[in-house]
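Heads up, the thing below is written out as structure tokens.
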């Protein structure tokens, strides 16, 4: 475990690690100091950072007297394949999934902390690309948010554990528990595209027991977009605050599938969500099963839907055993339990 | 990736995972719902938790308008051996090392977020014990602080990534950069005991290429205490606030060895720390090399040392190439670079 030292510092010793003759050394060859300098060169200060990397901890402004905090981890195997995901993809996605959780509380993301466990034989360029992915995802999805701290360690299993912080700007958090009968059910962002991308990846680039790199030349129309949605999801992070300001009564991000997550929101609120299949696109089944797009699912008092959200149903009285209906029929959970189903390679 | 659901909830489906006939199923057999219930039953609410586990993110009170945040990861192999560390030890240590980082800023720890990546064949009792370790470490080291959120995933490599948050209570953060010439150098907590414990573990319980369980019956006097300091360190977390209130000019926790970390503080402050060997206990070499006790190293204006800190030297003008002196002689860094040296098993 190592706290990030100040930018440009190599620790007290001032001794640079031996440079490999290779321009792109492994992590083990580069040593901690060079790995950290590589990351920090790609880590701009955020708008909320009162104290950034370089000390025992970061200090982040929390103007409204509370902080929203969430953590999500990507592990090689269950969560991604290195044959499919570049370092950039992985940095982007690790940021995006956490930013979506902050957004789903109605908060504005302010800071990320990144705990990175990397196999010793990974190249330094992988860490560079990962850092670029974090930076670009913050800039694109949550301007003002930045990586404020982190931790580096070696591991046999590439693991990226991110904590995201956010500010409620004086509003109450929008939880999963506030949906009221008569509210509109609405969604912002994609549902099902990332899931389609995953199925394309498995179908086309997983011939035996292991993933192989993506060959764009063999992809049919729309498949590139779906793969991109899986590897670099772009959740509508800015719409979390928009929803909160508009009076969203409940909200969550869709990470485990719309059917399962809608059921969770319904359960927390003690209601049933009655969805309209015709609002779920050309393939409602795919939309209900898909989760990794990290769309924002929210409920609003009837008639106040803010821009960016589309209505997909109505909140109704709880139906025993049927937290989610689609065109009146109960929808079974089509979720994903990482402890039982994770990873086709497992 | 799964956000912790509300206590007692098993998600929308309400379907319990199939129970193993075994009282202590593996994580894979237990399924996510039961693993989460096991953890949450051991996760009391904290004094600062405005919203705890069960939503996309937690909400933590930050009365002073900023939040201190840090992350540190324990990975099986480089950071611990399962033959030596129980689940309880691992939960305790994961909490303790992060609480120490918050304390080292002069802040009061308010919340932990835990990202847990567990091999599928681990027993549920391991997760129970881990949760107990988190709870007890918070209660013992940082009353009022609690686990407010987390993430669960499967991984081939057992990994515990913790983020700790803290509140400065209106004070400025105590960084590494404020030591002034003439200040006293002081320390609170153990230095070298955890390092001794690690050497005992390797010498006695690592006969070939792998660790074996600790057999207390073969330990000499003092060795049990040293092993306990390595596996369940008890940094003086509460003294971080005490130091800040007393006017500490710089502070950090000693995680990579006193010599190396003192050099970091010296470098950040642009000074040299002149230590007195006679203040470093019976074995100054061990004290200078030891790090994993997570002692608090701080500098204070001469004469204001608060209770719990002992003086170990003086801040002097920077000596080129010698950030740390001991009895006037330069002290080389005896640090630890996880990217090059991690793990005797590696």
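Protein chains in written order, with our numbering: chain A, 1 to 346; chain B, 347 to 692. Cβ atoms here follow ideal geometry from the backbone N, Cα and C, with glycine treated the same way.
For residue 412 (chain B), the secondary structure class from DSSP, reduced to helix, strand or coil, is strand.
At a cut-off of 8 Å between C-beta atoms, residue 409 (chain B) counts as an interface residue with respect to chain A. Taking all protein chains shown into account, residue 317 (chain A) has fewer than 16 neighbouring C-beta atoms within 10 Å of its C-beta and is therefore exposed. Selection B:601, B:616, B:575, B:675 evaluated against residue 595 (chain B) yields B:616 as nearest (Cα-Cα).
Residue A:65 holds the alpha-carbon nearest to the alpha-carbon of residue 395 (chain B) among A:108, A:65, A:57, A:240. What residue 522 (chain B) touches in chain A, judged by beta-carbon distance under 7 Å, is 55, going in chain order. Residue nearest to residue 100 (chain A) within the set A:295, A:302, A:119, A:301 is A:295 (criterion: CA-CA distance). Neighbourhood of residue 60 (chain A) in chain B, by CB distance below 7 Å: 412, 413, 415, in chain order. Contact between residue 102 (chain A) and residue 403 (chain B) is confirmed by a C-beta separation of about 6 Å, below the 8 Å threshold.
Taking 8 Å as the CB threshold, residue 461 (chain B) lines the interface with chain A. With respect to residue 149 (chain A), residue 287 (chain A) sits apart: the two C-beta atoms are not nearer than 8 Å.
For the segment 545-611 of chain B, the continuous alpha helix (DSSP H) assignments of 4+ residues that do not extend past its boundaries occur at 569-577, 585-592, in sequence order. Taking a Cβ-Cβ cut-off of 7 Å, the neighbours of residue 450 (chain B) in chain A comprise 56, given in sequence order. Within the same chain, 543, 546, 547, 560 come within 7 Å of residue 573 (chain B) by CB-CB distance, once the 5 residues on both sides are set aside. Annotation: residue 283 (chain A) has no Cβ neighbours in chain B at a cutoff of 9 Å; minimum Cβ distance is about 22 Å. At least one C-beta of chain B is nearer than 8 Å to the C-beta of residue 111 (chain A). For the C-beta of residue 389 (chain B), not a single chain A residue is nearer than 8 Å; the gap to the nearest is close to 14 Å. Chain B has a Cβ within less than 8 Å of the Cβ of residue 156 (chain A). If you look at residue 125 (chain A), you'll find it in the alpha helix (DSSP H) that goes 124-141. Sixteen is the threshold: when 16 or more other Cβ atoms of the shown chains lie within 10 Å of the Cβ of residue 392 (chain B), as they do, the residue is buried. Note on geometry: alpha-carbon atoms of residue 381 (chain B) and residue 455 (chain B) lie some 26 Å from one another. For residue 94 (chain A), the uninterrupted alpha helix (DSSP H) run begins and ends at 87-103, by DSSP. Within chain B, not a single residue places a beta-carbon under 8 Å from that of residue 242 (chain A); the smallest gap is close to 16 Å.
Excluding its 5 nearest sequence neighbours in each direction, residue 440 (chain B) has C-beta neighbours in its own chain below 6 Å: 420, 506, 508, listed in chain order. Per DSSP, residue 313 (chain A) lies in no alpha helix (DSSP H); the unbroken beta strand (DSSP E) holding it starts and ends at 310-317.
Residue 635 (chain B) is positioned such that its CB atom lies closer than 8 Å to that of residue 541 (chain B). What residue 509 (chain B) touches in chain A, judged by beta-carbon distance under 8 Å, is 69, 71, 113, 115, 163, going in chain order.
Bridge partners of residue 533 (chain B) according to DSSP: B:643, B:656. Following the DSSP letters along the chain, one finds residue 108 (chain A) inside the beta strand (DSSP E) bounded by residues 108-118.
Interface criterion met: the Cβ of residue 421 (chain B) is under 8 Å from a Cβ in chain A.
Any Cβ of chain A closer than 8 Å to the Cβ of residue 519 (chain B) would place that residue at the interface, and such an atom is present.
When only Cα atoms are considered, residue 135 (chain A) and residue 585 (chain B) end up about 36 Å apart.
When DSSP states are grouped into helix, strand and coil, residue 495 (chain B) belongs to the strand group.
By the criterion of at least three beta-carbon pairs nearer than 8 Å, the segment 656-674 of chain B is in contact with the segment 622-632 of chain B.
Judged by DSSP in its simplified three-state form, residue 284 (chain A) adopts helix. DSSP places residue 375 (chain B) within a helical segment (H, G or I) once states are collapsed to three.
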